[in-house]
Amino acid sequence: MIQKVRPHPSQNEPLLFELSSPGKRGYQLPELDVPAADPAVELGGENVRSEIEDFPEVSEVEAIRHFTRLSSWNYGIDLGLYPLGSCTMKYNPRVNEAVARLDGLSWIHPYQSEDLSQGAMEIVAALERALAEITGMDAVTVQPAAGAHGELAGIFLVRAFLESRGNARKRVLVPDSAHGTNPATVRMAGYEVANAASNERGMVDIEALKQMVDEDVAAMMITNPNTLGVFEEEILEIGRILHAKGALLYMDGANMNALAGIARPGDFGVDAMHLNLHKTFSTPHGGGGPGAGPVAVKRFLEPFLPLPRLKRSDAGWRWDYERPQSIGRVRAFYGNFGVLVRALAYIMAHGGDGLKRATLDALLNANYIRKRLEPHYEIAYPTPTMHECVFSDRRQAAHGVGTGAIAKRLIDYGFHPYTVSFPLIVRGALMIEPTETESKRELDLFADAMIAIAQEAEENPELVRTAPHSTRTAKVDEAGAARRPVLKWRRTT
Amino acid sequence: MLDTLGMGRLEDLYAQLPNQVVLKGPLNLPAGKSEYEIVDYFRARGAENRHDGPSFLGAGVYRHYRPALVDAVVSRGEFLTSYTPYQAEISQGTLTSIFEFQTMMCQLTGMEVANASMYDGSSAVPEAALMAMRARPGSGRNRVLIARTAHPEYRETLRTYGRFGAIEVEEFGYDRQSGQADLTDLERKLDQRTAAAIVQSPNFFGIVENMKQAAALAHDKGALLVAVFTEAVSLGLLAPPREADIVAGELQSFALAPSYGGPLAGIIACKEPFARQLPGRLAGETKDANGNRAFCLTLAAREQHIRREKATSNICTNQALIALMATVFMAVYGKEGLRELALQNLSKAHYLGGKLRRRFNGPYFNEFVAVVEEPEQVNQRLEHQGIIGGLPLGRFYPELKDAMLLCCTETSRRTDMDAVAAAMSRAEACATL
Amino acid sequence: MYPENYRYTKEHEWVRLEGDIGTIGITDYAQKQLGDIVYADLPKAGTIVEQGKAMGSVESVKAVSEIYSPVSGEVIEANERLASAPEMLNQDPHGEAWLVKIRVSRAAEIDGLLSAADYQSFLGAGS
């Protein structure tokens, strides 16, 4: 039944510190063409370190083998489907890697004079234009380093705008289905969080919302489609309710992969939003970053955007620092430029039609998975879903098998798990987003695996509960890791 | 597949959207391009940037040679295209390398715990400030003091976070002779409401600070010391800030070309008592069900996906791939190599620094401030020789408008440094006419 | 299962009053809900706590739960053994794994809490 994988290749590779031996080296620096400075003289003896204790010394061959062996213990998009909901694990095009590494784009310093950086500035401008078009917004900043950073900048913008109107207000509304970064961001921006309940269709409860929105509410943060994959069909009404009380509508753009080319947040009442370039726009996840979190806003928020901003002059592009209402900087320099290059390359490869086509394929793939799995897993809400769907583990839990165990068993079938136990409003959630990258073949292998596991949950629950069985490590003791944290290597001999 | 869904057209897939919000026409974007055209476009943009030829810019972003192994490793699909290692059993590659990274960061900084990366050095500073405030809940300490010798854009970032996140930020000055932070000014400003003093070393002027004394002063008033670094290579030679409580820094030097300022990779490290206040991810050692060593993300209850509004930070995606690049870099150079690399940087900078009139007399690593009238004009002259000069400081320090920050690394050649010296002395000669 | 001489809250804490000292912990139901407990964040001796207000938290690998004090008073001791052995909370939540001892300021507050029988009905009712 298991078609995709053989047991994991195994290698007991030590840590760099355990491979280390004094005198081994992997580098060679050129001869100095200037006199060697004496650090004790130039810096003062007390400022010089004796040695870097226990720092590893390995040869080049040992280094490449070490990391290559480590890499063989990882899963990646290059190996197969990642059904992770709201992560949009799509293919990372290699041409994007090639262009990001061009010398002309990588060996430039942010403080080079603008005349010597026109190509880089044009790239930033082109990406800002494209993202504004895709989102239906008026102005874009590419400064934030990741989605959460963009959220933070976005709520800072909301606050700055409201302060300019005389009252920052107190609260930001966040749906109970929201990603954890949303309430965390709200707190970091100095607001209180108020949770907005969802209705039985998995959407924001409009009647409850009307009760919650008053002049103390600064904004609502929504994700659309939401973390259930459901489009907020009353989004226009949500915007109206907020705007009527002078509050703003912020959108977490993590699920933009469901909308690009078919609908634009700027057209349905959103005042500010962020995008995750490492999701919809294909920049690689790299094991957890780097990403980029551009923020797109309506015209009235433009004066508050982080500085500097690009402006056109007779002499070409310039960085404009004359922005008295700006919230300031959310980081040094201009943004994750290398990531921006990759995202622009992706957009260029697709064009408008291509982006729409990718979105349609993403919707098709997710709905196909949903259809194949619905007889076997309980769908969280009967509502139509877009690029992702959420099931509950209720049926399998009756046999003592929860979503976490199903996820681990899925590994034995050669797949990375889906998103486990999120969103919190679904009991034992299984959140699945295949993206447009996957072929029908891969989708069917995934569906077949999930169906087989559902059967195993009934007939052989112990097998599922003790999974995974085929990985290099058996189930990892996470409780032990947290109880007695060991966060670095220590010499024992 | 549409048949399985009982649909006739792809457009049926979003039939539930209200009609008013559905786009009626195509996006106004150029048509999709071929790979060849894309490469061509970016090559052309690259040609519009000066990227070859020597550069003496530092100021938080540094030019170091990148060992070939770095890209060879991170280009592997298993690293490049992998997800955050929440599923430990199929992410041991990433988790093991994060554990190694955390260890090496502790060894380099003299701290006891290090996280798996932050966005960059600049945003790591406000995160460190928030950490210092969290470390004493209910103490009423909501103020931080930052040296004016810290990177100007780091200070701006701290101010933005502070303005919205209720951190009161105040600066303390620097000594005009040495170029070091004025610790008398720090002492005067420290009070019972101060959560932390923040000092960068080497500082923005390239000068090594007196961290021991700064720490003593801060601790004396019940505040923590946050040590910041922008030039990771300095850690190969300089005494680490062992007296600090928290270290926030930038690792670009170990991993990346300047890349027009991003992506970068920050780090936060700290002493043991503050470990649970660390933002960001942490990898920990544990065992698997068969008793074999394994690694996993741990202490996740600090983070946003569990603690939500009470999380230590909202950070989710960080800079894992860049931390991996740094790990490879550090593995290639190793204990002796990092020291030799730092020594070369020191030697190059002191060669050029010795030929020029310097503004400050404090000890400097690979950057220094040279005095010259009209630094922009000197740079223009250098540009005609294909050399990018240093950073005129007037834009950040009005009192230093006749000064330029110069950086030399192991990539700086003697001939180019001689050219810079010549251009500067010509400017001097013209000025005295 | 649930000792008769303890009193309980709807947030799944228990308190045992001896004289004016109240010993506080979390219930067996709570530890089951949390799963493998990895850390307890407890208030230090001298901290003033108020009935119904959060005074600390208990963490498992995947979740955090606030602890709300069942009674008002001053913390006189936190259970230090939990720092090195948080798993005790899963093994003996009503006994060895008490969280804090408090000098109670308003003993009458106990009367408003649930008895063992009431708490068990509360659980049975599908809290």
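The listed protein sequences correspond, in order, to chains A, B and C.
Under the working numbering, the letters of the first sequence match residues 1 to 493, in that order.
Under the working numbering, the letters of the second sequence match residues 494 to 926, in that order.
Under the working numbering, the letters of the third sequence match residues 927 to 1053, in that order.
For each residue, glycine too, the CB sits at the ideal point set by N, CA and C.
{"Item": "Can you tell me the Cα-Cα spacing of P144 (chain A) and T283 (chain A), whole angstroms?", "Value": "15 angstroms"}
{"Item": "Considering only DSSP beta bridges, list what H938 (chain C) is partnered with.", "Value": "Paired residue(s): none; H938 (chain C) is not in a bridge."}
{"Item": "In angstroms, rounded to a whole number, what distance separates the CA positions of A824 (chain B) and V158 (chain A)?", "Value": "45 angstroms"}
{"Item": "Just to confirm my understanding: we take Y647 (chain B), look at its own chain, exclude 5 residues before and 5 after, and list those with CB closer than 6 angstroms. What are they?", "Value": "S615 and V618"}
{"Item": "Quick one: which residues of the segment 302-318 of chain A get their C-beta closer than 7 angstroms to a C-beta of chain B? List them in chain order.", "Value": "none"}
{"Item": "Under the assumption that F572 (chain B) contacts S71 (chain A) (Cβ atoms under 8 angstroms), give the Cβ distance between them as a whole number of angstroms.", "Value": "5 angstroms"}
{"Item": "Whole angstroms is fine: what's the gap from A1042 (chain C)'s alpha carbon to A689 (chain B)'s?", "Value": "48 angstroms"}
{"Item": "Does A609 (chain B) come within less than 8 angstroms of chain C when only Cβ atoms are used?", "Value": "no"}
{"Item": "For I799 (chain B), return the contacting residues in chain C, with the cut-off set at a CB-CB distance below 7 angstroms.", "Value": "K988, A989 and V990"}
{"Item": "If you drop the 5 nearest sequence neighbours on each side, which residues of the same chain put their C-beta closer than 7 angstroms to that of P733 (chain B)?", "Value": "L601, T602 and G603"}
{"Item": "Determine whether the Cβ of L510 (chain B) lies closer than 8 angstroms to any Cβ atom of chain A.", "Value": "yes"}
{"Item": "Any beta-carbon of chain C closer than 8 angstroms to the one on R483 (chain A)?", "Value": "yes"}
{"Item": "Is there at least one Cβ from chain A nearer than 8 angstroms to Q580 (chain B)'s Cβ?", "Value": "yes"}
{"Item": "Using the Cα positions of L355 (chain A) and G261 (chain A), report the straight-line distance between them to the nearest angstrom.", "Value": "6 angstroms"}
{"Item": "Can you name, in chain order, every residue of its own chain whose Cβ lies under 7 angstroms from the Cβ of V270 (chain A), other than the five neighbours on each side?", "Value": "L249 and M251"}
{"Item": "Nearest to Y91 (chain A) by CA position, among A:K279, A:R171 and A:N47, is which residue?", "Value": "A:K279"}
{"Item": "In this structure, does DSSP put E680 (chain B) in helix, strand or coil?", "Value": "helix"}
{"Item": "Out of B:E765, B:A816 and B:A793, which one is the CA nearest neighbour of G289 (chain A)?", "Value": "B:A816"}
{"Item": "Per DSSP, I947 (chain C) forms a beta bridge with which residues?", "Value": "C:E944 and C:R1029"}
{"Item": "If you count every other CB in all the chains shown that lies within 10 Å of the CB of G400 (chain A), and 16 or more means buried, which is it?", "Value": "exposed"}
{"Item": "Please confirm whether E433 (chain A) and A366 (chain A) have their CB atoms less than 8 angstroms apart.", "Value": "yes"}
{"Item": "Alpha carbon to alpha carbon, how far is D1018 (chain C) from R372 (chain A)? Give it in angstroms, no decimals.", "Value": "45 angstroms"}
{"Item": "Using a cut-off of 7 angstroms between C-beta atoms, extract the partners of A748 (chain B) located in chain C.", "Value": "Simply none; closest approach about 31 angstroms."}
{"Item": "Does the segment 530-547 of chain B come close enough to the segment 109-118 of chain A to have 3 or more Cβ pairs within less than 8 angstroms?", "Value": "yes"}
{"Item": "Would you tell me roughly how many angstroms separate the C-alpha atoms of F535 (chain B) and V99 (chain A), rounded to the nearest one?", "Value": "6 angstroms"}
{"Item": "Based on Cα-Cα distance, which residue from C:F1048, C:K936, C:G999 and C:A989 lies nearest to M981 (chain C)?", "Value": "C:G999"}
{"Item": "So, at 7 angstroms on beta carbons, what are the nonlocal neighbours of R49 (chain A) in its own chain, with the 5 sequence-adjacent residues on each side left out?", "Value": "none"}
{"Item": "Is the Cβ of P468 (chain A) closer than 8 angstroms to any Cβ of chain B?", "Value": "yes"}
{"Item": "So the beta strand (DSSP E) Q693 (chain B) belongs to, where does it begin and stop?", "Value": "T687 to Q693"}
{"Item": "Can you tell me which of C:D962, C:N1016 and C:R1029 puts its alpha carbon nearest to the alpha carbon of Q977 (chain C)?", "Value": "C:R1029"}
{"Item": "Enumerate, from N- to C-terminal direction, the unbroken beta strand (DSSP E) stretches of 3 or more residues contained entirely within the segment 742-819 of chain B.", "Value": "759-763, 776-780 and 786-790"}
{"Item": "DSSP on V701 (chain B), reduced to helix/strand/coil?", "Value": "coil"}
{"Item": "At the level of alpha carbons, what is the spacing between P294 (chain A) and V997 (chain C)?", "Value": "48 angstroms"}
{"Item": "Is the CB-CB distance between N226 (chain A) and P175 (chain A) below 8 angstroms?", "Value": "yes"}
{"Item": "State the start and end residues of the unbroken alpha helix (DSSP H) segment that holds R404 (chain A).", "Value": "It should be noted that the sequence gives Gly, not Arg, for residue 404 (chain A). Residues T403 to D412."}
{"Item": "Do M458 (chain B) and A762 (chain B) have their C-beta atoms closer together than 8 angstroms?", "Value": "Absent from the structure is residue 458 (chain B), since the part of chain B shown begins at 494 and ends at 926."}
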